[in-house]
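Quick note: the working numbering has the sequence shown finishing at residue 831, numbered continuously throughout. We put the CB at the ideal spot given by N, CA and C, even for glycine. Some notes on the structure that comes next.
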Amino acid sequence: MTSLKYLRGYPASLQDQVAQMIAGDRLGDYLERRYPGRHEVQSDKALYGYAMALKQEHLRNAPAPDKVIYDNKLDVVHKALGLNTAISRVQGGKLKAKKEIRVASLFKDAAPEFLQMILVHELAHLKERDHSKAFYQLCEHMLPGYHQLEFDLRIYLTWREL
670 MTSLKYLRGY PASLQDQVAQ MIAGDRLGDY LERRYPGRHE VQSDKALYGY
720 AMALKQEHLR NAPAPDKVIY DNKLDVVHKA LGLNTAISRV QGGKLKAKKE
770 IRVASLFKDA APEFLQMILV HELAHLKERD HSKAFYQLCE HMLPGYHQLE
820 FDLRIYLTWR EL
């Protein structure tokens, strides 16, 4: 049986259900039924615009990221689907911090709900740095059903690995 490494933190009953779907070769059908579409956000410019629209809708007072891009170097092996970084650079005589959000390139071909979930997660880090209770409450506020989407994303990653 396949290791369910993306689902390790979930109850055994859920892991068993996913394992049964894998054994019955039904995992892909489940994902296709729940998430049939693919998004149109293919360029870094479109991704930035999409992220800024989400930020403006939910986090008006949070600082805006300077850059939002797809990153080919991010992948699930490094346990990073998205990154939120602050890079300090010297410009003239001043030190400036640039905030960047990087999204793994595998989400170019994913369902729009998964891309939205990743961006909501990274944007929430603009207000809450740690994965605390307040962080996940903010994610749920920005995207109702966030926890179900995160679980389904983990199923998607398991399916991709098969």
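CB contact check: residue i to chain C, cutoff 9 Å
i, result
"Tyr815", "Chain labels in this structure do not include chain C; a single protein chain is all it has."
For residue i, the three-state DSSP class (helix, strand or coil)
i, result
"Val746", "For Val746, the predicted model reports a pLDDT of 46, less than 50, meaning its position is unreliable; a value from the coordinates is still stated below. Val746 falls in the helix class under three-state DSSP."
"Gln711", "coil"
"Met670", "Legend: pLDDT at Met670 = 46, less than 50; position of this residue unreliable, no value from coordinates given."
"Arg758", "strand"
Reference residue i; option with closest CA among the options
i, options, result
"Ala692", "Gly678, Gly706, Leu673, Glu709", "Leu673"
"Glu782", "Pro813, Lys724, Gly762", "Pro813"
"Gly678", "Glu726, Arg823, Met690", "Arg823"
"Arg829", "Leu728, Gly697, Glu809, Ala720", "Gly697"
"Gly718", "Ile770, Leu795, Leu831", "Ile770"
Burial state of residue i, where buried means 16 or more other Cβ atoms lie within 10 Å
i, result
"Val746", "Its pLDDT being 46, under 50, Val746 is placed unreliably in this model, and the value from its coordinates should be taken loosely. Label assigned to Val746: exposed."
"Lys763", "exposed"
"Gly761", "exposed"
"His810", "exposed"
"Gln785", "buried"
"Pro705", "exposed"
Cβ-Cβ distance between residue i and residue j below 9 Å
i, j, result
"Lys777", "Tyr739", "yes"
"Asp799", "Arg703", "no"
"Lys724", "Leu792", "yes"
"Leu683", "Thr827", "no"
Assumed close pair residue i, residue j - CB separation to whole angstroms, cut-off 8 Å
i, j, result
"Leu807", "Glu797", "6 Å"
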